[in-house]
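In short: position in the sequence shown from 1, add 16, done, that's our numbering. Ideal Cβ placement from N, Cα and C applies to all residues, glycine included. Notes for the one structure printed next.
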Amino acid sequence: MEAQRSHITILLSVCLILLGLLRSFVSAEWQGDLSSYHIASFSNPHPPRPLNDPSGNHNAKFNHFTLSGPDGAVYVGAVNYLYRLDSSLNLLQNVSTCQELGEDRCDTFTNYNKILILDNQNRLITCGSEDGGKCQFRNPDDLTDVLFQPGPNVAGLGELSTVSLIAPGTDGPMGDGPDGGDWLYVAVTYSKEVVYRAIPPVSRRILSADRLLISPESGTEYSSSAAFNITAPKTPINIAYVAGFSYEGFTYFITSQKEDFGSNVFVSKMNRVCQTSPFFDSYTEITLQCQGSDGSVYSLVQAAYIGPAGQDLAVSLGLNAEDMVLFAVFAKNEGADGTRGVPIDQSALCVYKMSDILDAFKDAVRGCIQNGENYSVQYLAGSKCSLLLTLSPDIYLCHPAPSGEDTNTYKYAKGIDVTVSNATLELSDALMSSIITTTELNHTVAIIGTDSKGELLKVHIQSKTSARLYERVDLGITGSVLKDVKINKTTREMYILTEQKFLKMRVENCGQYTTCETCIGTDAGMDGDPYCGWCTLQRQCTLYSECNMPDVSTRWLAYNTAQCIEITNVDPYNNLPITVTEQQVTVSVEQLPDLLTNMTYECWFGSYVSQATKTNEDLRCVSPPGNKIPPIQQGDDAVQVTLSIHSSETSVSFVDTSFYFYECSTHTSCVSCVGSRWACDWCVFENRCTHVSSTCAGDNEIIITGQNNPVLSWAPKGPGSCPQLLAQNTEVLLPNGIERSLQVMTTNLPDQTQITSFECSFDIEGVRQSTTAQRNNGTIVCDMKAYTYTSIDEAELIVKLTIEWTDTSNNPHILDDLFNNNATLYKCGALKPDCSRCVTARPELECVWCNAMCELRESCTTAEGEWVTHNNNANCPDPILQGVYPLSGPIEGNTIVSVMGTDIGRGFHTVLNVTIGDQDCYLEGLEAYYEIGHSVSCLTQSRVESVVPISLTVRGGDGTTLQESSGNVSFEYRVPSVTSFSPRFGPAAGGTRITINGIALNTGRNIQAFIGDKACFITSPVTETEAVCSSSEGSVGQTEVLKMSFDGADKTSEVYNFTNNPVITEVSPTSSIYAGGREMVVNGTHLDTAQMASLVVTVASQITKRSVSSEGPNNIEFVEKCVVQSSEFMRCFTPNITSAISSSSSKLNVTFGFIMDGVSDLLTWSEDNNVDLEFFPDPEYDEFKNDLFEKNGELMTIMGERINNAITESEIIVHVGTMRCDVTFIEETALGCILPEELPPAGDFNGQDTKRGLPVVWVIHSNLEFRIGYTKYPVALVPIVLPSISGVIVVCILIVALCFLAQLYGSRREARLIQDDMVTLEVDLSDEIKQAFAELQTDLTDLTSDLHGIGMPFVSHREYASNMLFIGQERPDTQDKEYPDENVQKAMMKFSRLLSNKAFLIVLIQTLDAENPSKLPVRQKQLMASLLTVVMILENKMTYLTDIIITLMTELIHTAADNSRTRQLFLRNESILEKLLSNWVALCLYDQLQRHTAYPLFVLFRAIKHRTESGPVDVFTGRSRYSLNFEKMLEEDIEFNTLNLIVPIDEEGNVIKEVKVLDIDTISQVKEKILDAIYCSTPYSTRPCASQVDLEWHHGTSGRLVLTDMDLRPPTDRWRRINILKEFHVGDNDQMTIVEKQDIANATLSKPVLQFSQGNEDSAYANVGVDDKASRKRYSYRRDTIVEVEPIKGIKDWHLVQDEDNGYDDNDDEVEGKKKRSKECCSGLRSVTFRNKITRRKIKEISFPRLMSTKGVIQKYVDDMFNTILSVESAPKAIKYLFDFFDSQAIRHELEESDPEITHIWKSNILPLRFWSNAIKHPDYIFDIRTGRSVGASMDVIGQLFHDVHDTKTHKLGQESSVNKLLYGREKQKYQHVVEDFYNGVRDLPQVTTQELNKELYKASENFTGLFSKLDTLERLWYIVSKHTPTILDVLESEQEYEEAHLGYLLEEVQVTLSSGDEAL
């Protein structure tokens, strides 16, 4: 029996051990990285101060937070403060709750935030711990706005717990809230403080408009509370409330407390109150218990959460999915008896079914009704129970009193039985402090915070008994995670509150797992992340929802999948000889998914692609041909390539393995050959390694088979079978120059008859020394030979032994040597200059001292008795002293002196004493310093200043003789002193170079410097009078004495001060050329405290030395000294980095920092401040033609390239002789400067180069100097008498030649001169431009300030889609017909399904695209493409449409590549495919447009509009004073004045607008400007237009006049001028009113004033969806101001200029405008047309300076728009995907080799051509605005510029070039660089995954879903298709694939279905 019991005990022990191991294995968790979860964070702005700092609050921390909607504001409550944050956790507002209470010293005041909650009336309730627990109702938009403040007694004191929630209340009157039924429930820990005693433990309070009531004080029967029993014999117990929630009519609170009065045991309880009862008499509590696996109890609940159970957990609990479950975390308490309420770091998670909890509460009520007082709550006042055994508790759970009675059956009940749950997770090292749960698929996940470690734990709750901790995330905080945790399940974001930090984080982070193994784990559900699975074809760890078709096959491997996708085998092998090519390989892939139809697998061997054939989980493919295999690097025997399996469906290589191509012949020895990883064999007699041993064809050949050759062979195999040397048994010693023989053991030698000779050799100092050898069976005997080496610095030399044998064919072979056989060659005399060192050498060397030297024993010629050996007891010569170190020491002694010489003992023990002067020098403890025979060290004693001799005594070799030293060596005792040092101060960070001056500073051995107790590190050898040291770190303001220590003797100096560290705040400029030399101005503080100031630039070298171990480029540092000018300013110069640059064609961004003594923070200044130093390629300057420039005017132009790279005009120095030429402008290719008026002296700026007698022009560009040539000033003309007729002939010839050259180069020279004149003009206008720009900025600030609040006036989604898809076309209806024809519906459903067939849709598009334009015009193709796009949007099939477009483009590019017509691709918009692509781009760009790019476009439009309207605009011609379009400028200089009009905009005239107008504006123009000012925040389509209102002028006290455009006076000739303000003598600050339109102007004097919104009612732009009629109306008047005049036959109306070509016919203009716009839209860009060609004379015209000034004023906004549109960061993923497609196609068809610009052309044809140029020219396609002809003309110029900068063609500017081309000639090159950077940046972005693309396309579909009628769209599309049905059917019937799919039949079926009801069409 005992034995049996023992066996059981052992078995149980083993089980427990295994269980422990299993639990430890199961609990293995991933260490998550906070940065990958982090979205935003907010740190406590008022953190606690250290305990030893009396100036601050030591308890400052966060307490609570609450959210205002998923994307609204966030509110955080803290000690003494409330914070309002935006959704990104940026601080918007903070309020001091301390100061609100009137406290002056908030540093000593602690007002904890106890309640922070938003009620149903959008009021923020905040309650603090001070002032009696008083609350405030605040405006959530302004925390300082306290709506009202009810009385105290709500929240608890200090850090005592308070839990609150808003939940329904009783059925009675509930106050004034909109919902009427919500109450505030509060649970508070009891406090003995008098003010707080009245606060009940649990209460319910009315949320009324102005009060927060509670009975009995309130006098209402509907507020309720439960009070403590203060008459009990003991003080009411402390209850720690940890959580509260509402569930099925009850409000629950969870607590940690003592069990009851009289109990010392702490338990966890749950109490509840009924929400529908007017009183809390039904208050009930039960006890919760969490039991550990070992039976121990976790007593103290720390946090709890009620949430739904996932499917797996629900099944385990016997519940339905989504049934509610209580999750709670508990901790053990201090002490073994459970009588202390302090938790420890041992905690557990328990799960409770709510049904069990409800049963427990019901049983508690039952017990209190039936079983008496044992069930009463003793610590609550008035608690009672009954003995009514027959009553059932069901009807009394909420109402203790029976219906109609006043007497309660019970009051306050408690449960006797404990509700127990077994812990699902236990942690022995952490205290869990918060919990929240969520569900993912079938899983339940708990997010748990910890108190002690500041971690977030992610726990998968698998069942009611088990959970696994699968991830820990270190939050990087000190302190605990607080109980307030929230999850936004829509956005998958969670909010975590800690004591000092508030975090917004992702709930899941599948992206952190980069491999399948880390994603799903390796133990089939025992590890891995339940949120995540491996999306096989995307090679990503994703959520289930983010993987395409996750339910199909093995496309998504869940965390509990047993096996990752993996290549398990490559058959026949995973390697091939490099010469064996195009072999079939079978790849076995575990978990290989099935692909969609027509999708394929490919094997990628590196970059070589091989189509794969799939059979089950095997793929068959072919290895690469020889020219596709990468070469084997020198020194390697194989090259590794990655064999990856690629899916055409996702374009991802989703699984891979290593594959090798090897070359056996790289092995030159048998051992390395047959021991390699490959199937290599060694042919012994051929000395060759091969993978085909059958090629070894020699007679009697011996083949050694490779150890990895799988071929079965009886031949010897592996390295052990090679002919080779065996290991040496003993060391082989070879004395230098002495003959020796040696023997070596061998094995596997060929037969003796096959070998003719052997040879032994050593490689000695690079020279081979050899001798013959003999074989004796397996032993090789090397013949006698004397080996020598020449080095005198090496006593022993290890040399390698080589044995070589020769076969009968006279071929040499070297025996392999696995054991590295070698010999030791040695010289006795080397490094043994004295007897002591000779005889102490190794005995086996047999070195002896004879003839006063060290020799080999056998070489010694004297008698043996005269030798000294290591063991013959003979004495060496007496010691001879030769030197001492150091030469001096301090008089205090303590110097370690090393005495040097010869024969100073054979060991430290033989040195008996050292004497310095007459004192002993101590030897003890200095054995480590001793060198045999050479030196001994000792420690000096103190002595007066003196110079004394040194001597020593050693014991002889016989053990008795005392040998005294000889030699004159002395030591000096000195007194060093420090006289001064500088500097006397330095930064606290240390590192300051301090120079110390003094006397005898090089005294002693150990010389140190100190500042106080900290070392000042000596950086250079100390001299007699100077020492230099580097200071250590100190603290600011610290003063310490500097001292030096000489072997411990301290010599002090004066005080050194530690000052503030230098701080750098700004560096400018941050760009340079490669050659460097650009001055950088560095601003900061305390810069002058550092002694050393340098700029450090770190460049990743592009010039690298490649080696086997090379991992990339090396970083090279360039250091340039800086000059400190003051404490706040220093100058640095950029270094020359050309030595680190391999290519000089691109910009390079580098990091930089500063060396400022020891301030290490400044070394990484650029990284810390996110500022890079940009290096640009060096400029090049052209020399003057013929080395001479002839002055013609004051401007000298110097040409070159990259001149304006990283430089300004003021930084370039141009010398003309010794004088300066002031630079006025720089461009990329030109520089201009103003020549000195007087001729400078001859020569260059150094006075050299004077031989031609002309001044020399030099350009100094940063570090570079360029000689440009000579300059010649004109001289006064003098009569020239030609000496002969030949001179005349020469002159004639020269004139003809000059005329020819002028004809040839004149055009370009004229263009260049025009550009120079334009630049000069721009310089002259700079002040005017700056002033105008400042005015525009001021006005635009007012115009755009509303944009941040109300947004931009975007057109509706439908109108945007119509503008981009159907401009000039009839668009589909908005809604389906009310009663559509049934046959039409059926037919269109079939047609829709047919369009979803990829094969059919491709045939349809290709067939109709091939149709002749006469049969299917271009407009019909475009309409069909747009209708098809709408159908795809309505059916949410943008992914499908993308697939169609990519497929068609792939075929198109393939065809064009074969025909060499790739440059023409996507240039036009005439095919269905091209229009589909345009539509796709427009839809995909919509989100980017709204979020990023629309703003600068809208601001540019407003800037141009404001600039244009600030000057006269002719209402008929559209010409304006200010424009960017030279064609649309007023040539005349028309005088005008600006007037301010006062416009009342309410009936009383209390609210006014000041509106700027011109006195020459027409009345309609004035009305438009006033309406613009009033309706600045209203979309144009929703506001009145000028023709719908009248303008009333208030003049004098009562005079009113309605002003009109038409002059009522009869015309005097054929011209009639319309009215302008000047005609009415309207003055500045006159009052104008917009009134309702009058039928007859001035017929009545009083008309009602229009009522205008001030933005309070509709404060934001809305995307108003208007009907077609309204939209057409808006477009009919939006572009141009309409002049309200009645035409008179024969009379021409005019405004500013009389123009025959422009009369008044608004309808004609409108029609023409529509035609023009229709022609321009999406059909290719036209060039802007211009007036006559420009000449230099026109530069001087009046209009031209206005053109240049307008350009200058607007330029910033143009730059902003270009930079935003071409921002890589905001590039949509769809565009990245499209660009990558183009790049891949160019690579696939090898197009970039023949045409490097091809991808640039394609991308430019897509983005600027398809979208942006049109969008810029027509901003009204995007915004609900009125552009007007004048503004539109300027926008046309910008749009054309955007197109031109994307054009790769170089357009030479000539005399015929238009002004608008020349206008932006300089900027064009700058923008072209921006375009290149954009394309390169997009290319470098991470590859877009299919999931990311699909997500973006889905969002694009969502944007435009439901805007058109699907039925009407399909009908219109069918109408076009039906006309070409025969042609389509012919194609469908010609291919078997289409026949098998019955596509033709399905198409005919649509027609048949329609024909059954003819009325349908």
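Review point. With distances taken from CA atoms, which of Thr300, Arg100, Leu117, Val690 is nearest Gln109?
Key: Arg100
Check your understanding: Which residue's Cα is closest to the Cα of Val603: Ser674, Cys580, Cys114, Arg571?
Key -> Ser674
Practice item. State yes or no: is the C-beta of Ile1027 within less than 8 Å of the C-beta of Ser998? Key: no
Practice item. Ignore the nearest five residues each way along the sequence and tell me which others in Ala1222's own chain have a CB closer than 6 Å to its CB. Key: Ser1087, Ser1088, Ile1089, Phe1192
Exercise for review: Can you give me the start and stop residues for the alpha helix (DSSP H) that Asp1459 sits inside?
Suggested key: Run containing Asp1459: 1454-1474, per the alpha helix (DSSP H) assignment.
Review point. What distance in whole Å lies between the Cβ atoms of Phe1407 and Leu1930, which are believed to be in contact at a cut-off of 8 Å?
Key: Rounded to the nearest angstrom, the Cβ distance from Leu1930 to Phe1407 is 6 Å, consistent with a contact under 8 Å.
Check your understanding: According to DSSP, what are the bridge partners of Asn438?
Key -> According to DSSP, Asn438 bridges with Gln307.
Check your understanding: Just to confirm, are Lys1653 and Val1605 a CB contact at a threshold of 8 Å?
Key -> Yes. Within cutoff.
Practice item. Can you tell me which of the three DSSP states Gln1506 falls into? Key: helix
**Study point:** Secondary structure of Met510, DSSP reduced to three states
**Key:** Looking at Met510 - three-state DSSP - the assignment turns out to be strand.
Review point. Does DSSP put Lys150 in a helix, a strand or coil?
Key: coil
Review point. Does the beta-carbon distance from Gly905 to Tyr989 come in below 8 Å?
Key: yes
Exercise for review: Under 7 Å Cβ to Cβ from Gly537, same chain only, skipping five residues before and after it: list those, please.
Suggested key: Asp543, Gly544, Tyr575
Practice item. Please state whether DSSP places Val701 in a helix, a strand or coil. Key: Checking the sequence shown, residue 701 turns out to be Phe, not Val. Of the three classes helix, strand and coil, the one that applies to Phe701 here is coil, per DSSP.
**Study point:** Asn745, buried or exposed, once every other Cβ within 10 Å from all chains shown has been counted against 16
**Key:** For Asn745, the number of other beta carbons within 10 angstroms of its own is below 16, and it is reported as exposed.
Check your understanding: Can you name, in chain order, every residue of its own chain whose Cβ lies under 6 Å from the Cβ of Arg39, other than the five neighbours on each side?
Key -> Confidence is the limiting factor: at Arg39 the pLDDT is only 39, short of 50, which leaves the residue's position unreliable and the question unanswerable from this model.
Practice item. Go to Asn1919, then tell me how far its alpha helix (DSSP H) extends in each direction, as first and last residue. Key: 1906-1920
Point to revise | Identity of the residues DSSP links to Tyr321 by a beta bridge | key: Phe343
Point to revise | Whole runs of the beta strand (DSSP E) within the segment 792-872, excluding any shorter than 3 residues | key: 795-802, 812-823, 828-830, 838-842, 863-866, 869-872
Exercise for review: For the segment 1171-1221, list the beta strand (DSSP E) runs that are entirely contained and at least 3 residues long, ordered along the chain.
Suggested key: 1189-1192, 1204-1206, 1211-1217
Review point. Which residues in the same chain as Ser479 place their Cβ atom closer than 6 Å to its Cβ, once the five residues preceding and following it in sequence are excluded?
Key: Contacts found: Ser332.
Practice item. Take Pro893 and list the residues in its own chain whose beta-carbon comes closer than 7 Å to its own, dropping the five residues that flank it on each side. Key: Cys851, Asp919
Exercise for review: Examine the Cβ distances between the segment 1175-1189 and the segment 998-1009 and report whether three or more of them are shorter than 8 Å.
Suggested key: yes
Practice item. Would you list, in sequence order, the uninterrupted beta strand (DSSP E) runs of no fewer than 3 residues that lie entirely inside the segment 1226-1266? Key: 1229-1232, 1238-1242, 1246-1250
Check your understanding: Any idea if Leu1712 is buried or exposed, counting beta-carbon neighbours within 10 angstroms, 16 or more meaning buried?
Key -> Taking a 10 Å sphere around the C-beta of Leu1712, we find 16 or more other C-beta atoms and assign the residue as buried.
Check your understanding: So, are the CB atoms of Gly357 and Phe266 less than 8 Å apart?
Key -> no
Practice item. Under 7 Å Cβ to Cβ from Glu456, same chain only, skipping five residues before and after it: list those, please. Key: Cβ-Cβ distances below 7 Å link Glu456 to Pro546, Tyr547 in the same chain, with the five nearest sequence neighbours on each side left out; the list follows chain order.
Practice item. Would you mind giving the Cβ-Cβ distance between Val927 and Val884, rounded to the nearest angstrom? I have them listed as a contact below 8 Å. Key: The Cβ separation is near 18 Å, so there is no contact.
Practice item. Use the C-beta contact count for Gln273: other C-beta atoms within 10 angstroms, 16 or more gives buried, fewer gives exposed. Key: buried
Check your understanding: Opposite His1610 in the DSSP bridges: which residues?
Key -> Arg1616, Gln1647
Review point. What does a CB cutoff of less than 6 Å around Glu980 pick up in its chain, not counting 5 residues either side in sequence?
Key: Thr969
Check your understanding: What are the start and end residues of the beta strand (DSSP E) that includes Leu101?
Key -> 97-101
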